[in-house]
Structures are given as C-alpha cells and as structure tokens.
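S.K.: Before anything else, here's the structure in question.
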Amino acid sequence: MQRTFAVVTDSTSDLPAEWRERYGIEVVPLKVLFGKETFRDGVDMTSDQFFTRLAASSSLLEGFKVNVIDSQSVSMPMAFLCRVAAECASLEDATAAVEQRVPKCRVLALLDTLRYLEMGGRLNRAQAMIGTMLDVKPLLLVSENAEIKPVERVRTRSRAIPRMVEFFRSEQPVEHVAVMHAQAADEATSIAAELRKELPDLEIPVGQIGCVLGTHTGPKALGLIYIKK
C-alpha cells in the first residue's frame, strides 16, 4: 500500500528495527549527554554502550544536589531565570529566587501570519484563512502555567506593533525585559530603543527567536519578553 503521509517518532519510542524497515517509519534520535560529550540515541551510542557507561559514571553524581525547576515558559524568560540563578550565592537562594519569579514570567507575541499556527495544529484552516484575508495580526500572551491567551487581533502590522507596546506598558512595573524577533531586527531594535528611554535602569537585550519556537511563530514575529515585579 502506497502511503501519502509519513510516520515519524523519536528514539524514546524504542521502535523495533524490524518495524522501522517493514513499515517505513522514520525515527528521530534524541541526544544523550555525558559531561561535554553528546551522543545520538541509537546512532552514536547503542543501549548496551549507554548502560555500561551510565554504571561507570553514576558514582560521580553522588554528593551533588540537583533542583529541577519548571519555568512554565519559553524563550527569554528562561534566560532571565538562569541569570537570576547565576547571580545567587547558594543553591537554596537560587531556587527560591527563580521559583518566586516563575509565575511572573510573560511572553507577549505578535505574529505576522496565522499560517504556522495552522501548520502546527494550533489553529484550524478556516480560522487561518479568514485571518489571512483580513490581514489580522494576532497578539498573544503566554503567562502562568504556559497558558496562551489571545490579547487582541489587530488589523495590519502598522497598528499591531504600537498596540503591543501599549499593552506592555499596562503590565509594568517589570524587573526584566527583552525584545525578540524572527527576521524583524529593525522593528525589534526600534521597539527596544523606545523602551530604553522609558526604562533607563533596565538592560533590554534584542535577540532572534530560536529554531524550535520559530516553527510556531513563523518569520516576522515579534515578542516582548518580561518578568513582572
């Protein structure tokens, strides 16, 4: 039977090699880190090799305390939380400082198109088509528990950018802020320059959205990333 689609999974599925060949299933290898070395699961390292090395290295973990914190966010809020932790003197202080700020992290995103939300299954095709026809620019807010809330749908980009900045102003005071973009450096730089005049005591970095997050935002997206006081 000729398939008109592809079946893709990652290496945590433990898919038998025979099934992979028989059914033509693609497997994306996840990565395993040992110190500074990186191995692709099932490609650079077999399971036997992994467990042998794990047994030999497990003793090195003794005496180290690890605190895992869910940032409940994406993009620069995680970077800000890392910086907050790095500025602390002890693990306990770092944990407390980060956990205190997690509920205050915000991502205010302006998308140039709904196409990539549709492709990612987060929006149906009819909604995406209507939005495209009307030149709607969705303004979304990612807040506590990674909850995505629609703030507003603005007609045209020229109106949407000032509205995004206006909404950010209503969220102040803030402790940290950054401007992120997807191939929209000039607009991001302009927004940052405007905010630096209003918030002279804050460092306001400008950066480009990474590849994984970019699959959902698409090009020309803009984001105001901040942690509320």
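Mapping to our numbering: the sequence shown position 24 is 28, numbers consecutive.
Idealized CB from N, CA, C, for every residue including glycine.
What's the C-alpha gap between Asp-116 and Thr-219?
M.R.: About 13 Å.
S.K.: I need the straight-line Cα distance from Val-158 to Phe-84, nearest angstrom please.
M.R.: Roughly 29 Å separates the two Cα atoms.
S.K.: Rounded to whole angstroms, what's the CA-CA distance from Glu-191 to Arg-163? Just pull it up for me.
M.R.: Going from the Cα of Glu-191 to the Cα of Arg-163 covers about 13 Å.
S.K.: If distances are taken between C-alpha atoms only, which option among Val-216, Pro-154 and Leu-228 comes closest to Pro-209?
M.R.: Comparing Cα positions, the closest option is Leu-228.
S.K.: So, is Val-216 buried or exposed, given that buried needs 16 or more other C-beta atoms within 10 angstroms?
M.R.: Answer is exposed; the Cβ neighbour count stays below 16.
S.K.: CB Ser-15 to CB Leu-34, shorter than 9 Å?
M.R.: Yes, Cβ-Cβ distance for Ser-15 and Leu-34 is below 9 Å.
S.K.: For the putative contact between Met-184 and Gly-222, defined by C-beta atoms under 8 Å, what is the C-beta separation to the nearest angstrom?
M.R.: Incorrect: roughly 13 Å between the Cβ atoms, too far for contact.
S.K.: Mind reading off the beta-carbon distance from Arg-57 to Phe-38? Whole number of angstroms is fine, and I expect it under 8 Å.
M.R.: Arg-57 to Phe-38, Cβ: 6 Å. Contact.
S.K.: Below 8 Å CB to CB, which residues in the same chain sit around Trp-78 once its five sequence neighbours on both sides are set aside?
M.R.: The question names Trp, but residue 78 in the sequence shown is Val. So the qualifying residues of the chain are Val-111, Val-146, Ala-150 and Leu-217.
S.K.: If you reduce the DSSP assignment to three classes, tell me which class Gly-218 lands in.
M.R.: Reduced to three states, the DSSP call for Gly-218 is helix.
S.K.: Please state the DSSP three-state secondary structure of Asp-14.
M.R.: Correct three-state label for Asp-14: strand.
S.K.: Taking the alpha-carbon positions, what's the Glu-175 to Thr-193 distance?
M.R.: Near 20 Å, if we compare the C-alpha coordinates of Thr-193 and Glu-175.
S.K.: If I'm right that Val-178 touches Ile-231 with Cβ under 8 Å, what's the distance once you round it to whole angstroms?
M.R.: Val-178 to Ile-231, Cβ: 6 Å. Contact.
S.K.: The beta strand (DSSP E) that contains Lys-232, what's its start and end?
M.R.: 226-232 is the span of the beta strand (DSSP E), which, as asked, contains Lys-232.
S.K.: Which partner residues of Leu-203 appear in the DSSP bridge assignment?
M.R.: In DSSP, Leu-203 forms no bridge with anything.
S.K.: Apart from the five residues on each side of it in sequence, which residues of its chain come closer than 8 Å, Cβ to Cβ, to Ile-73?
M.R.: Counting only Cβ-Cβ distances below 8 Å, and skipping sequence neighbours, we find Leu-85, Thr-99, Val-102, Glu-103 and Val-106.
S.K.: With distances taken from CA atoms, which of Leu-114, Asp-97, Val-140 and His-180 is nearest Phe-171?
M.R.: Among Leu-114, Asp-97, Val-140 and His-180, the Cα nearest to that of Phe-171 is on Leu-114.
S.K.: Could you give the distance in angstroms between the alpha-carbon of Val-47 and the alpha-carbon of Arg-7?
M.R.: Taking the straight line from one Cα to the other gives about 26 Å.
S.K.: Assign Asp-45 to buried or exposed, taking buried as 16 or more other Cβ atoms, counted over all protein chains shown, within 10 Å of its Cβ.
M.R.: Buried is the call here.
S.K.: As an exercise, report each continuous beta strand (DSSP E) stretch of at least 3 residues that is fully enclosed by the segment 13-73, in chain order.
M.R.: Runs of the beta strand (DSSP E) inside the segment 13-73: 30-32, 35-38 and 41-44.
S.K.: DSSP on Gln-76, reduced to helix/strand/coil?
M.R.: Of the three classes helix, strand and coil, the one that applies to Gln-76 here is coil, per DSSP.
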